[in-house]
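According to the numbering used here, the stretch in the sequence shown is residues -9 to 244, in order. For reference, the structure is listed below as C-alpha cells.
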Amino acid sequence: MNLYEAIFARKSVRKYSMDKIDQKVLDHIANFAESIPMLSDDIKVKYKMVELAGLKRLQPGILTVKAPHYLVLYSTRESDYQLNAGYVMEQIALYITARGLGCCYIANLNLKNETVAEDYEQVITLAFGEAENEVYRQNEKARRLAIKDIAVFKEEVDKNVRTMISAARLSPSVLNSQPWRMVVYNNRIHLFSTRNILMKNVMKETRLIDMGICLSHLLIAAEEMWLDARPVYMNNISSQNLKKNDYIISVKMS
-9 MNLYEAIFAR KSVRKYSMDK IDQKVLDHIA NFAESIPMLS DDIKVKYKMV ELAGLKRLQP
51 GILTVKAPHY LVLYSTRESD YQLNAGYVME QIALYITARG LGCCYIANLN LKNETVAEDY
111 EQVITLAFGE AENEVYRQNE KARRLAIKDI AVFKEEVDKN VRTMISAARL SPSVLNSQPW
171 RMVVYNNRIH LFSTRNILMK NVMKETRLID MGICLSHLLI AAEEMWLDAR PVYMNNISSQ
231 NLKKNDYIIS VKMS
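Okay, structure coming up:
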C-alpha cells in the first residue's frame, strides 16, 4: 500500500495495544518524516518520538487517546507554518497507515520536556501503534460531505482532477469540521477555508492545520495520477473580499 492508497483506507484509530513497536519500524517512520520537503524553505520543523512514560500527564478529552507512541511536530513560526504542519504530518500518518499501524491526531501533549529547541512551537501530535481492532475501513463509510458541497467546478475537468477532489474529500479534520472548499478548473484548484463563527475560538488554531492535511491529499493524488502539480499563492484571489470563506492556497497542474 502506498500513500495514495492509504488515503482511501485510513481511519482514526483510538484504541491501541500498549506493546511497543520495534525500533527498526520507529526508525523507518523517523527517516520518512525527515525526508518530507516543507512547503517553504523558511519553515523549519523538528520531530520528537514520545512514549506514554514521557508525559507529565495524559490530558483527558475527545481529542486525546492512550497510545504506546506519539510523534510530536515542532515548527518555527514562519508564514503558513500551521498549514505546513498539517501538510507534513498527514503524509507521516498515511505512511504509518500503509505499514499496517493505527494512528490518530490528538490534542497537544503535556510533555516533561516542553520544547526541543528555542524558537520552536509544539504544533501537532500524532498517536500511533498497533491497533486493537481493524486499521482500515472502506472509504464509503467515512462521514464526509458530498463533493458537490465542497467543490465548485468552473469547467469540465478530466477524471484525474476529479480523483484529486475525491482524495481531498477524505481528509481528516478536527471534530470532523471539514473546512475545505474548492473552486476547480482543469489546470488549477483554489483552496478556501470556511469561517465558523460559532466555533471561532475552538477552530482558530486548527483550521490551517486541517487545510494543510487537505493540501497533502490533493498533491499525493496528483502524483499518483502522474500530474505535475505544485502549490502556489495567488495574490489576486487573496485580495478579494469573501464573506464566508478565506483563501488559503492554490494547486496548479501542468
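Glycine included, every Cβ here is placed at the ideal spot set by N, Cα and C.
Take every Cβ of the region 152 to 163, pair it with every Cβ of the region 199 to 211, and state whether three or more of those distances are shorter than 8 Å.
In short, these stretches touch, since the Cβ pair count reaches three.
Round the Cβ separation of Val35 and Leu63 to the nearest angstrom and send it over; I've been treating them as touching at under 8 Å.
Translated into positions along the sequence shown, residue 35 becomes position 45. Translated into positions along the sequence shown, residue 63 becomes position 73. In this structure, Val35 and Leu63 form a Cβ contact; the two beta carbons are roughly 6 Å apart against a cut-off of 8 Å.
Report all residues from its chain with a CB closer than 8 Å to the CB of His59; omit the five preceding and five following residues, and keep chain order.
Sequence index remark: in the sequence shown, residue 59 carries index 69 (1-based). The residues are Lys10, Ile11, Leu16, Met39, Val40, Glu41, Ala117, Phe118, Gly119.
Measure the alpha-carbon distance for Ala157 versus Met224 and round it to whole angstroms.
Residue 157 sits at position 167 when you count from the first residue of the sequence shown. Residue 224 sits at position 234 when you count from the first residue of the sequence shown. Distance between the alpha carbons of Ala157 and Met224: 23 Å.
Pull up the distance between the alpha-carbon of Arg67 and that of Ala212, whole angstroms please.
Here residue 67 refers to the residue found at position 77 of the sequence shown. Here residue 212 refers to the residue found at position 222 of the sequence shown. Cα to Cα, Arg67 sits roughly 28 Å from Ala212.
Roughly how many angstroms separate the alpha carbons of Glu146 and Val174, rounded to a whole number?
Locating residue 146 in the sequence shown gives position 156, counting from the first residue. Locating residue 174 in the sequence shown gives position 184, counting from the first residue. Straight-line Cα distance between these residues: approximately 9 Å.
Within 10 angstroms of its Cβ, does Lys1 collect 16 or more other Cβ (buried), or is it exposed?
Counting from one through the sequence shown, the residue named residue 1 turns up at place 11. The residue in question, Lys1, is buried, as its Cβ has 16 or more Cβ neighbours within 10 Å.
How would you call Gly76, buried or exposed, if buried means at least 16 neighbouring beta carbons within 10 angstroms?
Residue mapping note: residue 76 aligns to position 86 of the sequence shown, counting from 1. Classification of Gly76: buried, given that the 10 Å Cβ count is 16 or more.
Counting only runs that start and end within the region 146 to 216, where is the alpha helix (DSSP H) found for 4 or more residues in a row?
149 to 159, 190 to 193, 197 to 214
CB Leu29 to CB Leu84, shorter than 8 Å?
For the purposes of this step, residue 29 is taken as residue 39 along the sequence shown, with counting starting at 1. For the purposes of this step, residue 84 is taken as residue 94 along the sequence shown, with counting starting at 1. Cβ atoms of Leu29 and Leu84: not closer than 8 Å.
Val55 and Ile86: beta carbons closer than 8 Å?
Here residue 55 refers to the residue found at position 65 when the sequence shown is read from its first residue. Here residue 86 refers to the residue found at position 96 when the sequence shown is read from its first residue. No. Outside cutoff.
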